[in-house]
Amino acid sequence: MSENWPLFEVFIRSRAGLEHKHVGSVHAADERMAIEHARDVYTRRQEGVSIWVVRSGDIVASDPGEAEALFEPARDKVYRHPTFYTIPDEVKNL
Amino acid sequence: MYTQALDVHGKEAAPDAADGGPAQRFQARVDAEEKIEPKDWMPEAYRQTLIRQISQHAHSEIVGMLPEGNWITRAPSLRRKAVLIAKVQDEGGHGMYLYSAAETLGIDRAQMFEQLLSGAAKYSSIFNYPTLTWADVGAIGWLVDGAAIMNQIPICRCSYGPYARAMVRICKEESFHQRQGFEIMLTLAEGSAEQRAMAQDALNRWWWPSIMMFGPSDADSKHTAQSMRWKIKRFSNDELRQRFIDITVPQAHHLGLTIPDPQLRWNPATEHYDIGPIDWAEFHAVLKGHGPCNRERMQARRTAYEQGRWVREAAAAHAEKERLRSSASRTEVGVT
Numbered sequence: 513m514s515e516n517w518p519l520f521e522v523f524i525r526s527r528a529g530l531e532h533k534h535v536g537s538v539h540a541a542d543e544r545m546a547i548e549h550a551r552d553v554y555t556r557r558q559e560g561v562s563i564w565v566v567r568s569g570d571i572v573a574s575d576p577g578e579a580e581a582l583f584e585p586a587r588d589k590v591y592r593h594p595t596f597y598t599i600p601d602e603v604k605n606l
Numbered sequence: 127m128y129t130q131a132l133d134v135h136g137k138e139a140a141p142d143a144a145d146g147g148p149a150q151r152f153q154a155r156v157d158a159e160e161k162i163e164p165k166d167w168m169p170e171a172y173r174q175t176l177i178r179q180i181s182q183h184a185h186s187e188i189v190g191m192l193p194e195g196n197w198i199t200r201a202p203s204l205r206r207k208a209v210l211i212a213k214v215q216d217e218g219g220h221g222m223y224l225y226s227a228a229e230t231l232g233i234d235r236a237q238m239f240e241q242l243l244s245g246a247a248k249y250s251s252i253f254n255y256p257t258l259t260w261a262d263v264g265a266i267g268w269l270v271d272g273a274a275i276m277n278q279i280p281i282c283r284c285s286y287g288p289y290a291r292a293m294v295r296i297c298k299e300e301s302f303h304q305r306q307g308f309e310i311m312l313t314l315a316e317g318s319a320e321q322r323a324m325a326q327d328a329l330n331r332w333w334w335p336s337i338m339m340f341g342p343s344d345a346d347s348k349h350t351a352q353s354m355r356w357k358i359k360r361f362s363n364d365e366l367r368q369r370f371i372d373i374t375v376p377q378a379h380h381l382g383l384t385i386p387d388p389q390l391r392w393n394p395a396t397e398h399y400d401i402g403p404i405d406w407a408e409f410h411a412v413l414k415g416h417g418p419c420n421r422e423r424m425q426a427r428r429t430a431y432e433q434g435r436w437v438r439e440a441a442a443a444h445a446e447k448e449r450l451r452s453s454a455s456r457t458e459v460g461v462t
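Protein chains in written order, with our numbering: chain F, 513 to 606; chain Y, 127 to 462.
This is how it looks when you write it as structure tokens:
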């Protein structure tokens, strides 16, 4: 069995004004083919106006084991949200 | 198309012992309907079960292109032909979504292809039946895709994120498949006596294999309980089969066709249709490779793989040449 072509992660912008979103992955010999495969696999129904492909090996991801260390500190900082502050009802436009 | 509960063969996946450690935390997350993502800790048996199920599902999509592809050049009109090409292309796409989801679990695509081509991996039994007439294309869309949708909708809520997301995409695309199939059946059913006979013949041949797509009865399905605990599966094979029967029988009535089951009766007490006995010997024989088209299907996949070899090799050689060329020109710029 021949080797795999490299794996690429695929990101699609569904329409102008929205961000690219991860949709899956494709195998391809090179970047150009990755774009073409992504077009065939992920946009058969006009799901996109723009495609990004990134070699999967080039993505750096956080470790779920570090989730607490990374994200826990934000939990007790509710004062970052506007609803934390009590404003009298009669005061408007705040 | 087409997941199928293929859980009759293969080893029983032993659940990891609940040791109060990661296994228990994992189960608690699943119980709380949290999604499990690729880098999260998961029991080895969960990983293996998903790899088996998702890759078999992917193989089914790929092999599933063959029976319908058989009719592309002979579709009765340009409209039917365009629709059938789009449907078969979707099946290929569904295979790709699923291979992509399976790869997040640590198996690579070449390994999965090898398992399919060597016959080590299973695919849905339904594709080992031949498509003898144009009406079979209608029956496949209506019944086979219908059964697949029934099976697949609950998997949109599967505990494993990448599988669930692939399923959402697949289910969205699948509903056109079923409707175009029903439309073909309807056109034939409203046509000449000969066309009606063709539709009835297709129903006669596809009904029972479609019923078998839900897999063995609950009593004989050994992975169901564990898969339910892991929320990979939400309903038992028999529950899904019954639902499919209950919605499909009235559709057949609308077509004026007869379901090939003399024991089929509406049961007012249970408010379900009762059916006659399923020929499980046939199901097991087809799964073991003794269906009408098993050899032909595998041969077609192997031929496609072999005939595509030079394309894959040429593309890889071209990519390598381009890489060397661009690194050479970078070096040159660096020197001058």
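Yeah, the Cβ is synthetic: ideal placement off N, Cα and C, and Gly gets one too.
Check	Outcome
Check whether Y/Arg-322 and Y/Ala-315 have beta carbons under 7 Å apart	yes
Straight-line gap, Y/Asn-330 to F/Ala-579 (C-alpha atoms, nearest Å)	56 Å
Closer than 6 Å: F/Phe-596 CB and nearest the ligand FAD heavy atom	Although the ligand FAD was asked about, the structure shown includes no ligands whatsoever.
Test: Y/Gly-382 CB closer than 7 Å to a CB of chain F	no
Cα-Cα separation between F/Tyr-591 and Y/Lys-447, rounded to whole angstroms	57 Å
Cross-chain neighbours of F/Asp-542 in chain Y, by beta carbon under 7 Å	Ala-445 and Glu-448
Inter-residue spacing [alpha-carbon to alpha-carbon] between Y/Ala-154 and Y/Glu-170	16 Å
Rounded straight-line distance, which links the Cα of Y/Ile-252 to that of Y/Trp-406	13 Å
From Y/Glu-163, Y/Gln-174, Y/Glu-187 and Y/Val-189, residue whose alpha carbon lies closest to that of F/Ala-573	Y/Glu-163
Residue nearest to Y/Asp-262 in terms of C-alpha spacing, selected from Y/Pro-418, Y/Ala-395, Y/Arg-435 and Y/Gln-326	Y/Gln-326
Of the residues Y/Lys-348, Y/Trp-334 and Y/Met-191, the one placed nearest Y/Arg-367, counting alpha carbons only	Y/Trp-334
Which listed residue (Y/Val-375, Y/Ala-454, Y/Leu-381 and Y/Gly-382) has its alpha carbon closest to that of Y/Gln-389	Y/Val-375
Own chain partners of Y/His-185 with C-beta closer than 7 Å, once the 5 adjacent residues on each side are dropped	Leu-242, Ala-247 and Tyr-249
7 Å Cβ cutoff met for F/Gly-536 and Y/Ser-181	no
Beta-carbon neighbours of Y/Gln-215, restricted to chain F and to distances below 9 Å	Asp-552 and Arg-556
Touch test, the stretch 184–203 of chain Y against the stretch 220–235 of chain Y, Cβ-Cβ under 8 Å, three pairs minimum	yes
Residues that Y/Ile-198 bridges to, as DSSP identifies them	Answer is none; Y/Ile-198 lacks a bridge partner.
Cβ pair Y/Gly-341, Y/Gln-304 closer than 7 Å	no
Burial state of Y/Ser-455 (16 or more Cβ within 10 Å)	exposed
Beta-carbon gap between F/Ala-550 and F/Val-565 smaller than 7 Å	yes
Residues within the stretch 574–594 of chain F neighbouring chain Y, beta-carbon criterion of under 9 Å	Ser-574, Asp-575, Pro-576 and Gly-577
7 Å Cβ cutoff met for Y/Asp-364 and Y/Tyr-399	no
Among Y/Arg-428, Y/Arg-438 and Y/Cys-419, nearest to Y/Tyr-255 - alpha-carbon criterion	Y/Cys-419
Contacts of Y/Gly-219 in chain F (Cβ-Cβ under 9 Å)	Asp-552, Val-553, Tyr-554 and Arg-556
Length of the line joining the Cα atoms of Y/Asp-234 and Y/Met-293	20 Å
Length of the line joining the Cα atoms of Y/Arg-427 and Y/Thr-396	44 Å
Which of helix, strand or coil DSSP assigns to F/Phe-523	strand
Proximity of Y/Cys-369 and Y/Met-276 at Cβ, strictly below 7 Å	Going by the sequence as given, residue 369 of chain Y is Arg instead of Cys. Their beta carbons are under 7 Å apart, which means Y/Arg-369 touches Y/Met-276 by this criterion.
Anticipated Cβ contact below 8 Å, Y/Phe-302 with Y/Gln-377, distance rounded	In fact, because the Cβ distance is near 16 Å, the residues do not count as touching under 8 Å.
Local Cβ density within 10 Å of Y/Trp-260, reported as buried at 16 or more and exposed below that	buried
Under 8 Å by beta carbon: chain Y residues contacting F/Ser-526	Per Cβ cutoff of 8 Å: no residues; F/Ser-526 is ~13 Å from chain Y at best.
CB contact check: Y/Ala-140 to chain F, cutoff 7 Å	Low local confidence applies: a pLDDT of 49 at Y/Ala-140 is under 50, so the model's placement there is unreliable, with the coordinate-based value given in what follows. No - not a single Cβ of chain F is within 7 Å of the one on Y/Ala-140.
Helix, strand or coil at Y/Trp-356 according to DSSP, with G and I counted as helix	coil
Y/Thr-257 versus Y/Arg-423, Y/Ala-149 and Y/Ile-337, residue with shortest Cα-Cα distance	Y/Arg-423
Buried/exposed call for Y/Leu-176, threshold 16 Cβ in 10 Å	buried
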